[in-house]
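Colleague: Residue numbers (the working numbering): -11 to 132. No residue lacks a Cβ here, since even glycine has one placed at the ideal position from N, Cα and C.
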């Protein structure tokens, strides 16, 4: 987290740390990107699991329950996205960032971050870097 903050600062991005927003942002992300699934379907993809699969929101992509780009194609789509203000948050932390103007933000800036989500302020698109990088993810998806 600190490394990412320093990378963004070095690019002269305006960053606001928004502690304790993680839960709120995860719920909003779920509403926008997983809201089409029933609770039963969410359980089938271990969205909230606390045993084997550890309950990751990005399971909606790895279990193919939402259309997305994966791997290099996801990184390219994210890099080409016209980014304005966006949020960066984590699966297992309440730490979050608000980036006022994220046009210089690239997938490579997030390469060392695990289970990190980037979403525009309107939750129209998302980029997710998983802890399974190279096997599962990263992912890029639009909220249709």
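1) How would you label residue 62, buried or exposed, when you count the other beta carbons within 10 angstroms and need 16 or more for buried?
2) Tell me whether residue 97 is buried or exposed, calling it buried when 16 or more other Cβ atoms sit within 10 Å of its Cβ.
3) DSSP three-state label for residue 22, please.
4) Does the distance from the CB of residue 129 to the CB of residue 14 come in under 9 Å?
5) Would you call the region 23 to 38 and the region 100 to 120 in contact, with 3 or more CB pairs under 8 Å?
6) Which residues mark the beginning and the end of the beta strand (DSSP E) in which residue 117 is found?
7) Where residue 7 and residue 77 are concerned, what is the direct C-alpha to C-alpha distance, given to the nearest angstrom?
8) Starting from residue 133, trace the alpha helix (DSSP H) in both directions and tell me its first and last residue.
9) Could you tell me whether the Cβ atoms of residue 200 and residue 102 are closer together than 9 Å?
10) Enumerated in chain order, which unbroken segments of the beta strand (DSSP E) with a length of 3 residues or greater are wholly contained in the region 33 to 72?
Modeller: In short:
1) Counted from its first residue, the chain shown places residue 62 at position 74. Per the 10 Å Cβ criterion, buried.
2) Here residue 97 corresponds to residue number 109 of the chain shown, with the count starting at 1. When all chains shown are included, residue 97 counts as buried.
3) Against the chain shown, residue 22 aligns to sequence position 34. It is coil, neither helix nor strand.
4) The residue given as residue 129 occupies position 141 in the chain shown. The residue given as residue 14 occupies position 26 in the chain shown. No, the pair does not count as a contact, with Cβ atoms beyond the cut-off.
5) no
6) Sequence index remark: in the chain shown, residue 117 carries index 129 (1-based). 113 to 117 is the extent of the beta strand (DSSP E) around residue 117.
7) Position 19 of the chain shown, counted from the start, is the residue given in the question as residue 7. Position 89 of the chain shown, counted from the start, is the residue given in the question as residue 77. The alpha-carbon atoms of residue 7 and residue 77 are separated by roughly 10 Å.
8) Nothing about residue 133 can be read from this structure; the chain reaches only from -11 to 132.
9) In the structure displayed, the chain extends from -11 to 132; residue 200 sits before or after that span and is not available.
10) none
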